[in-house]
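One structure is given below, encoded as structure tokens.
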Amino acid sequence: MEPPSDPAARQPGVILFYLAEKGQGYLRLVGTAEEFFFTARQLQCPSVHKGDLVTFIPREGRNGYFADAIMAAGLA
117 MEPPSDPAAR QPGVILFYLA EKGQGYLRLV GTAEEFFFTA RQLQCPSVHK GDLVTFIPRE
177 GRNGYFADAI MAAGLA
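Each number in the numbering used here corresponds to the 1-based position in the sequence shown with 116 added.
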């Protein structure tokens, strides 16, 4: 079970793309060129689209950093 999401750890991001049929996408940390991979499992909102503003928690996995606990920015 995941530990509770620390609000202070949340970062702002923008969805670059999301392929719903594959359940995979990338987002960019606002104000940087850093991009983070994510899957449908990391979404805490019904769906996302290119250009959506979100908040997320960067986490380190086996294949590098990824975006976790992704929420629409207006709901964070």
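All residues carry an ideal CB built from backbone N, CA and C; glycine is no exception.
| request: Pick out the complete beta strand (DSSP E) segments inside the stretch 130-169, 3 residues or longer, and give them in chain order. | output: 140-145, 151-155
| Beta-carbon separation of residue 188 and residue 143 under 7 angstroms? | For the purposes of this step, residue 188 is taken as residue 72 along the sequence shown, with counting starting at 1. For the purposes of this step, residue 143 is taken as residue 27 along the sequence shown, with counting starting at 1. No, the pair does not count as a contact, with Cβ atoms beyond the cut-off.
| Where the beta strand (DSSP E) through residue 180 begins and ends | Walking along the sequence shown from the start, residue 180 turns up at place 64. Element bounds for residue 180: 180-188.
| Pick from 181, 168, 190, 155 that is closest to residue 137, judged by C-alpha positions | Within the sequence shown, numbered from 1, the residue matching residue 137 stands at position 21. For residue 137, the nearest C-alpha among the options comes from 155.
| message | If you reduce the DSSP assignment to three classes, tell me which class residue 119 lands in. | response | On the sequence shown, residue 119 is found 3 positions in, with the first residue counted as 1. Only weak support exists for where residue 119 lies, its pLDDT of 48 falling under 50; the value from the coordinates is given anyway. In the structure shown, residue 119 sits in coil (DSSP, three-state: anything other than H, G, I, E or B).
| request: Note down, in chain order, each residue of its chain lying with its Cβ closer than 8 angstroms to the Cβ of residue 135, except the 5 sequence neighbours on either side. | output: On the sequence shown, position 19 is the one that residue 135 refers to. If we look at residue 135 and ignore the five residues flanking it on each side, its Cβ neighbours are 141.
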